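Quick mapping for you: the protein sequence lines, in order, are chains P and H. Under the numbering used here, the first residue of the first sequence is numbered 3, with each subsequent residue one higher. Under the numbering used here, the first residue of the second sequence is numbered 553, with each subsequent residue one higher. Just so you know, even glycine gets a beta-carbon here, dropped at the ideal spot from N, CA and C. Here the structure is a predicted model, which means the values were calculated and not measured.
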Amino acid sequence: MEICRRKNQIEISELDPFLAELLRQIPASANPEGAPAAEQRIFSPPINGKETELCAEWKMYVEPELRRLFQTATQTVGADLEQLNGNEKSLVSRTLRIPTKHADAWLSALNQARLVIATKNNFTELELNDHLRSPIGSRRDLSLFQVNFYGFLQEFILRELDC
Amino acid sequence: MSAQPPAVEVAVPPDPRIVHPTNTTSSTIGAPTIEKETRTEEALDVPWQVVVHNDPVNLMSYVTMVFQRVFGYPRDKAERHMLEVHQIGRSILWSGMRERAELYVQQLHGYLLLATIEKVS
Numbered sequence: 003m004e005i006c007r008r009k010n011q012i013e014i015s016e017l018d019p020f021l022a023e024l025l026r027q028i029p030a031s032a033n034p035e036g037a038p039a040a041e042q043r044i045f046s047p048p049i050n051g052k053e054t055e056l057c058a059e060w061k062m063y064v065e066p067e068l069r070r071l072f073q074t075a076t077q078t079v080g081a082d083l084e085q086l087n088g089n090e091k092s093l094v095s096r097t098l099r100i101p102t103k104h105a106d107a108w109l110s111a112l113n114q115a116r117l118v119i120a121t122k123n124n125f126t127e128l129e130l131n132d133h134l135r136s137p138i139g140s141r142r143d144l145s146l147f148q149v150n151f152y153g154f155l156q157e158f159i160l161r162e163l164d165c
Numbered sequence: 553m554s555a556q557p558p559a560v561e562v563a564v565p566p567d568p569r570i571v572h573p574t575n576t577t578s579s580t581i582g583a584p585t586i587e588k589e590t591r592t593e594e595a596l597d598v599p600w601q602v603v604v605h606n607d608p609v610n611l612m613s614y615v616t617m618v619f620q621r622v623f624g625y626p627r628d629k630a631e632r633h634m635l636e637v638h639q640i641g642r643s644i645l646w647s648g649m650r651e652r653a654e655l656y657v658q659q660l661h662g663y664l665l666l667a668t669i670e671k672v673s
């Protein structure tokens, strides 16, 4: 896989089918539904303690806005990922071009996905920092690889935004 | 938060410097009206602080960017706060009026950071 900036786009080329599939899974992975711990992490309370009035207001007014925000980001990413669909030639490498104006949406969707996967798998800080762990021998290892791969993409996008 | 804080009515005593007319008949001019001044609860509020808590998933570079964007901090200040979150587990990013603190927390949640408001003790 190669990743580089070309004018107003971030280009991810030489994408093998495995990594392309991981990218396709971003919108689905970002969805916390059905996982109460992930839902709780994505929509965390604004205050510690027993300020029930504020928490109730937050749920009523702020949470729906956040849901819309997160959904818009994953929809943008989902639309960009349609480039990876089409004629399936499983062994052919693909190229994905992300408009730089979508960078924020990608950062958000990747972050949502990383948080949801990490919460669902209850990854420890030690596991998350173990970048040399290999090979992928279980579903949990695959999820950890997914979190780190999405993190790598986030880092690249952040570096490009910084330039 | 879109909910407005309830107004607190504070009775203001009549200003002793105001000279009220004395040669008038009480049948035509009534007693002076005591004006009531309203102040919002916010004006009487004690400071609140915005606290960001450690999260092993969020990238350090991402957290730094969020602090720069949300609070307009220069990079070195944003990095200091990010490192404080990483090493100590929490960092106070801002303190002031509650409503603004809530707005900051809302923005931070929009970036998926673990943030809360706390009353300054």
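- With contacts defined by Cβ atoms closer than 7 Å, Pro-608 (chain H) and Glu-41 (chain P) do not form a contacting pair.
- Taking a cut-off of 8 Å on C-beta distances, the region 9-18 of chain P does not touch the region 631-641 of chain H, as fewer than three cross pairs fall below it.
- Burial check for Ala-115 (chain P): the Cβ neighbour count within 10 Å reaches 16 or more, so the residue is buried.
- Annotation for Gln-27 (chain P): no alpha helix (DSSP H) segment contains it, and DSSP assigns it neither H nor E.
- Around the beta carbon of Thr-74 (chain P), fewer than 16 other beta carbons sit within 10 angstroms, so the residue counts as exposed.
- In this structure, the CA atom of Met-62 (chain P) is about 10 Å from the CA atom of Leu-56 (chain P).
- Taken atom to atom, the span from the alpha-carbon of Leu-664 (chain H) to that of Gly-80 (chain P) is near 19 Å.
- Chain order gives the chain P residues near Glu-654 (chain H) as Pro-48, where near means a beta carbon separation below 7 Å.
- Annotation: the continuous beta strand (DSSP E) that includes Gly-648 (chain H) extends over 642-648.
- The C-beta of Gln-156 (chain P) comes closer than 7 Å to at least one C-beta of chain H.
- Under DSSP, Leu-17 (chain P) forms a beta bridge with P:Arg-96.
- In terms of beta-carbon proximity, Ser-613 (chain H) lines the interface with chain P, with at least one pair separated by less than 7 Å.
- For Arg-8 (chain P), same chain residues with a beta-carbon under 6 Å away, outside a window of 5 residues either side, do not exist.
- Contacts between Asn-150 (chain P) and chain H, judged by CB atoms closer than 9 Å, are missing: the closest CB pair is about 11 Å apart.
- With fewer than 16 other Cβ atoms from the protein chains shown falling within 10 Å of its own Cβ, Met-612 (chain H) counts as exposed.
- DSSP places Pro-101 (chain P) within a strand segment (E or B) once states are collapsed to three.
- Close to chain P, meaning a Cβ-Cβ distance shorter than 8 Å, are the following residues of the region 647-673 of chain H: Glu-654, Val-657, Gln-658, His-661, Gly-662, Tyr-663, Leu-664, Leu-666, Ala-667, Thr-668, Ile-669, Glu-670.
- Under a criterion of Cβ atoms nearer than 9 Å, the residues of chain P adjacent to Met-617 (chain H) are, in order, Leu-109, Leu-160, Leu-163, Asp-164.
- By the neighbour-count criterion, in which 16 or more other beta carbons inside 10 Å mark a residue as buried, Thr-54 (chain P) falls on the exposed side.
- In this structure, the beta-carbon distance from Arg-96 (chain P) to Ala-22 (chain P) falls below 7 Å.
- For Tyr-625 (chain H), the closest of H:Gln-601, H:His-661, H:Trp-646 by C-alpha to C-alpha distance is H:Trp-646.
- DSSP, reduced to helix, strand and coil, places Ile-138 (chain P) outside both helices and strands of the structure shown, so it counts as coil.
- In this structure, Thr-616 (chain H) sits away from Glu-636 (chain H), with a CB-CB distance that is not shorter than 7 Å.
- Between Ile-138 (chain P) and Phe-147 (chain P), the beta carbon gap of about 6 Å places them in contact (Cβ cut-off 8 Å).
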